[in-house]
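Colleague:
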Amino acid sequence: MRNFVRNFGTLESAARWIDHLANQTGAGCHLDAARRRSFILPRLAFSGAALLAAPAWLFIYGMPTESETLIFLLALVPMAAVALLARTGRLQAAQSLSILGWIAMAAAVASLNKGFTPVSVALLAVALLETALTPALVMIFLAGASMFALLALAGAWDPVDPGSLSLSAAPLLLTAPPLLYAASLRMCGARADNRQSHVQSTDARDLRLLTNAIGDIVLHLDRSGAVDSVIGDTHRTYGLDRRDLIGRGFFQRVHIADRPAFLKLVSDAVEDSAPLNDVLRVQVGTTPSASGDYAEPIFNYFDARMCRAQPAVNEITGDAIETFLPVVCILRDVTAQKHADEAITAARAESERAAAMKTRFLANVSHELRTPLNAIIGFSEMLANPSVAPSDPDKQREYAEIIANSGNHLLEVVNTILDMSKIEAGSMQLYPEPFALPALIDQCCDMVQLKADQGGVKLLRDYRHDMEELVADRRACKQILLNLLSNAVKFTPAGGKVSVRVAPEGNLLAVTVADTGIGIAAPDLTRLGDPFFQASATHDRAYEGTGLGLSVVRGLVGLHGGTITVESAVKRGASFTVRLPLDCRSLDARAIAPAKIETIPRHGAAIGADIRHEEEMVKKIA
1 MRNFVRNFGT
11 LESAARWIDH
21 LANQTGAGCH
31 LDAARRRSFI
41 LPRLAFSGAA
51 LLAAPAWLFI
61 YGMPTESETL
71 IFLLALVPMA
81 AVALLARTGR
91 LQAAQSLSIL
101 GWIAMAAAVA
111 SLNKGFTPVS
121 VALLAVALLE
131 TALTPALVMI
141 FLAGASMFAL
151 LALAGAWDPV
161 DPGSLSLSAA
171 PLLLTAPPLL
181 YAASLRMCGA
191 RADNRQSHVQ
201 STDARDLRLL
211 TNAIGDIVLH
221 LDRSGAVDSV
231 IGDTHRTYGL
241 DRRDLIGRGF
251 FQRVHIADRP
261 AFLKLVSDAV
271 EDSAPLNDVL
281 RVQVGTTPSA
291 SGDYAEPIFN
301 YFDARMCRAQ
311 PAVNEITGDA
321 IETFLPVVCI
331 LRDVTAQKHA
341 DEAITAARAE
351 SERAAAMKTR
361 FLANVSHELR
371 TPLNAIIGFS
381 EMLANPSVAP
391 SDPDKQREYA
401 EIIANSGNHL
411 LEVVNTILDM
421 SKIEAGSMQL
431 YPEPFALPAL
441 IDQCCDMVQL
451 KADQGGVKLL
461 RDYRHDMEEL
471 VADRRACKQI
481 LLNLLSNAVK
491 FTPAGGKVSV
501 RVAPEGNLLA
511 VTVADTGIGI
521 AAPDLTRLGD
531 PFFQASATHD
541 RAYEGTGLGL
551 SVVRGLVGLH
561 GGTITVESAV
571 KRGASFTVRL
581 PLDCRSLDAR
591 AIAPAKIETI
601 PRHGAAIGAD
611 IRHEEEMVKK
621 IA
């Protein structure tokens, strides 16, 4: 009783359950569903009334007799017929069981009362009436034979003496011929219905085969967007059942951001006969989250094509019959196409970005090559021409030094390009060896000290010399340090400072190069380390460089399995921290890759700058 109240607390929920049962018991079309619905409802009502009356009977009359118990059990046969229909989907078998139940109940009542009573006659009349509505010829003759057999057994009629019919059974026999005549008419109409049902079933089967072959999901929607029926079995390929889509189930699976578009599509399709389409995201499953605490929905992209269904036409009058399925929705999975389009768009954007950076790189390289080449050619021609060559040996030595410096600069540019090419091609080889990092830093600082002195920049060293040796590629580490120190000195104005610090951090060694220079804007921070990129790069540049220095640093640090932390803001200087493992030989070769980028925002105002031009300081891990 509690389960009944819980499942059927309202008439609306009971009606929905009956509709669901009628649609899920093998109904080939809406006509079959209507037949099953009309079969289920009265039988559930009768057996349910018997169940509800049982406690009252026990309270008033006490324990029932065997005959009364048998009658009560027979009163549950209609419910058993509904269960048979739900189990097998065979309506004719369920009708046969129900008819036999009515006849058996009439026999039990007649046996209990030692003869026919109005109740038993009414039960037989119900059996005959249900037989008249049954298109099975066998059941019609079986019910008629059973009725006469019961009359004979009950003594209400003697087959040898037809005039012996009792008055209680006379109404039954008098109504039997009209009922049998109605049954014959019903049987003729049933044949036409069966032919129509067969045609509809064939059409439904062909449509189902077609949709399965095409791979589309076909839905019938009402005006509110609720799904009335699902055609085909394509939805099963996504792990979905019909009940997941019927009613508001499909709407609940549409991505919440796409639901307004879906409802508008349905509304427009109802008002307009032309096909309409849009792309919707529909949930097809779930996957555990990274933490495992909840399930994340999986959405596929579907091209939803909707059109208004054509109304059925009366074959006799030719008039249109209003249909209750105004919209047909065809769903085609376009997830792969959508992802391919996104990949193409991303690849095109990346290609355009790479082309722009390479164009900028060529402009930078041409500048970097042209300037020293002009110096080499110019001073070489002067020294080669006796008419313009200086006679002062100091002047000649100065020209030769300019030529040598220009040549070294050219060699540095070419080596940087070659190193970057090797890193990108994955052919850069490391040769790890133990060495003292502080000594290498001293050497690099000495190499940039002259440039720092010329620019009025103070170079500070803050590290101990008794640190544990580092096992890494000495040449690569030297290149990393020289690039960072050269950039720090280059972008620090006169009077500024550049400091170098070294500190152990567990199994890592952290080298920090900090300056008080011009800093880096937040938008440029996110692109640091990209090949050919220079912050605020233009053809009219205040600072030289190819834009490959930090890219080479990032690649070399990645080959060692380390990280680079960049912290900067405009007019607040920059701080580059390189963390390298104490022994890079323990790294898995498959784990070697460019370091991932992560940003951590910090807030700060530029020193001496207008508060309106205050920029956000960003900490970027490359």
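With full-length UniProt numbering, letter number 254 in the sequence shown gets 254, and the count goes up by one each step, no holes. We treat Cβ as the ideally placed atom computed from N, Cα and C, and that holds for glycine.
Cutting at 8 Å between CB atoms, please list the residues of its own chain near LEU460, excluding the five before and the five after it.
Modeller: Counting only Cβ-Cβ distances below 8 Å, and skipping sequence neighbours, we find LYS497, VAL498, SER499 and VAL500.
Colleague: Taking the Cβ atom as the reference point for each residue, do GLY456 and PHE491 lie within a distance shorter than 9 Å?
Modeller: Result no, Cβ atoms of GLY456 and PHE491 do not sit closer than 9 Å.
Colleague: So the alpha helix (DSSP H) GLY558 belongs to, where does it begin and stop?
Modeller: 549-559 is the extent of the alpha helix (DSSP H) around GLY558.
Colleague: State the DSSP-derived secondary structure class of ASP258, mapped to helix, strand or coil.
Modeller: Of the three classes helix, strand and coil, the one that applies to ASP258 here is coil, per DSSP.
Colleague: Considering only C-alpha positions, which residue in the set TYR294, ASP333 and ARG259 is nearest to GLY215?
Modeller: Comparing Cα positions, the closest option is ASP333.
Colleague: For PHE435, name the three-state secondary structure that DSSP assigns.
Modeller: Of the three classes helix, strand and coil, the one that applies to PHE435 here is strand, per DSSP.
Colleague: Confirm, please, whether the CB-CB distance from MET467 to VAL502 is below 9 Å.
Modeller: Yes, Cβ-Cβ distance for VAL502 and MET467 is below 9 Å.
Colleague: Kindly list the residues whose CB is nearer than 8 Å to the CB of ARG281, restricted to its own chain and excluding five residues on each side of it in sequence; keep chain order.
Modeller: Taken in chain order, the residues that qualify are VAL254, HIS255, ALA257, ASP258, PHE299, ASN300, TYR301 and PHE302.
Colleague: Would you tell me roughly how many angstroms separate the C-alpha atoms of ALA295 and THR286, rounded to the nearest one?
Modeller: ALA295 and THR286: Cα-Cα distance of roughly 6 Å.
Colleague: Looking only at its own chain, which residues have a Cβ that is under 8 Å from the Cβ of PRO432, when we skip the five neighbours before and after it?
Modeller: Same-chain partners within the cutoff: VAL471, ALA472, ASP473, ASP583, CYS584 and ARG585.
Colleague: What residue does the alpha helix (DSSP H) around ASP419 start on, and which one ends it?
Modeller: That run of the alpha helix (DSSP H) goes 393-425.
Colleague: What are the complete beta strand (DSSP E) segments, minimum 3 residues, inside the stretch 485-523?
Modeller: Taking only runs of at least 3 residues, the beta strand (DSSP E) segments lying wholly in the stretch 485-523 are 497-505 and 508-515.
Colleague: Should ARG572 go down as buried or exposed, given a rule of 16 or more other Cβ atoms within 10 Å for buried?
Modeller: Under this definition ARG572 is a buried residue.
Colleague: Whole angstroms is fine: what's the gap from ASN277's alpha carbon to GLU350's?
Modeller: If you take the alpha carbons of ASN277 and GLU350, they lie about 31 Å apart.
Colleague: Along the beta strand (DSSP E) that carries VAL284, what are the first and last residues, could you check?
Modeller: Taken as a continuous stretch (DSSP letters only), the beta strand (DSSP E) holding VAL284 covers 276-288.
Colleague: Inspect the beta-carbon positions of THR563 and VAL578 and report whether they are closer than 9 Å.
Modeller: Yes, the Cβ-Cβ distance between THR563 and VAL578 is below 9 Å.
Colleague: Classify GLY495 as buried or exposed, calling it buried when 16 or more other Cβ atoms lie within 10 Å of its own Cβ.
Modeller: Exposed is the call here.
Colleague: Pop quiz: VAL227 and GLY249 are said to be a contact at Cβ under 8 Å. What is the actual Cβ separation, rounded to whole angstroms?
Modeller: Between GLY249 and VAL227 the Cβ distance is about 7 Å, and since that is below 8 Å, they are a contact.
Colleague: Would you decide whether residue 708 is buried or exposed? Buried here means 16 or more other CB atoms lie within 10 Å of its CB.
Modeller: As displayed, the chain neither begins before 1 nor continues past 622, which places residue 708 out of reach and without an answer.
Colleague: Here's the rule: buried if 16 or more other CB atoms are within 10 angstroms of the residue's CB, otherwise exposed. What is PRO326?
Modeller: By the 10 Å Cβ count, PRO326 comes out buried.
Colleague: Pull up the distance between the alpha-carbon of LEU100 and that of PHE251, whole angstroms please.
Modeller: Approximately 44 Å between the Cα atoms of the pair.
Colleague: Assign ARG590 to buried or exposed, taking buried as 16 or more other Cβ atoms, counted over all protein chains shown, within 10 Å of its Cβ.
Modeller: Here the model assigns ARG590 a pLDDT of 46, short of 50, so the residue's position is not dependable, and the following value carries that caveat. Burial call: exposed.
Colleague: Assign SER568 to one of two classes, buried (16 or more other C-beta atoms within 10 Å of its C-beta) or exposed (fewer than that).
Modeller: Buried, by the Cβ-count rule.
Colleague: Count the other CB atoms, across all protein chains shown, that sit within 10 Å of the CB of GLU381; report buried if there are 16 or more and exposed otherwise.
Modeller: GLU381 is exposed by the Cβ-count criterion.
Colleague: Taking buried to mean at least 16 other C-beta atoms within 10 Å of its own C-beta, is ASN483 buried or exposed?
Modeller: With 16 or more Cβ atoms within 10 Å of its Cβ, ASN483 is classed as buried.
Colleague: Taking 9 Å as the cut-off, decide whether the C-beta atoms of VAL511 and LEU580 are in contact.
Modeller: The answer is yes: Cβ separation under 9 Å.
Colleague: Out of curiosity, what's the CA-to-CA distance linking LEU369 and HIS465?
Modeller: Computed Cα separation, rounded: 39 Å.
Colleague: Do ALA309 and VAL328 have their CB atoms nearer than 9 Å?
Modeller: Yes, the Cβ-Cβ distance between ALA309 and VAL328 is below 9 Å.
Colleague: Count the other CB atoms within 10 Å of the CB of LEU167; is the residue buried (16 or more) or exposed (fewer)?
Modeller: Low local confidence applies: a pLDDT of 45 at LEU167 is under 50, so the model's placement there is unreliable, and no value is given.
Colleague: What are the residues that DSSP puts in a beta bridge with TYR301?
Modeller: Per DSSP, ARG281.
Colleague: On a Cα-Cα basis, can you pick out the residue from VAL119, ALA94 and ALA108 that is closest to LEU73?
Modeller: Per the Cα distances, ALA108.
Colleague: May I ask you to report which of helix, strand or coil DSSP gives GLY239?
Modeller: Note: GLY239 maps to coil in three-state DSSP.
Colleague: Put LEU44 into one of helix, strand or coil per three-state DSSP.
Modeller: Correct three-state label for LEU44: helix.
Colleague: Flag this pair as yes or no: are the beta carbons of VAL279 and MET306 separated by less than 9 Å?
Modeller: Result no, Cβ atoms of VAL279 and MET306 do not sit closer than 9 Å.
Colleague: Would you kindly check if the distance between the Cβ of GLY549 and the Cβ of THR371 is under 9 Å?
Modeller: No. Outside cutoff.
Colleague: Please list the terminal residues of the continuous alpha helix (DSSP H) segment that includes ALA104.
Modeller: Its alpha helix (DSSP H) spans residues 91-112.
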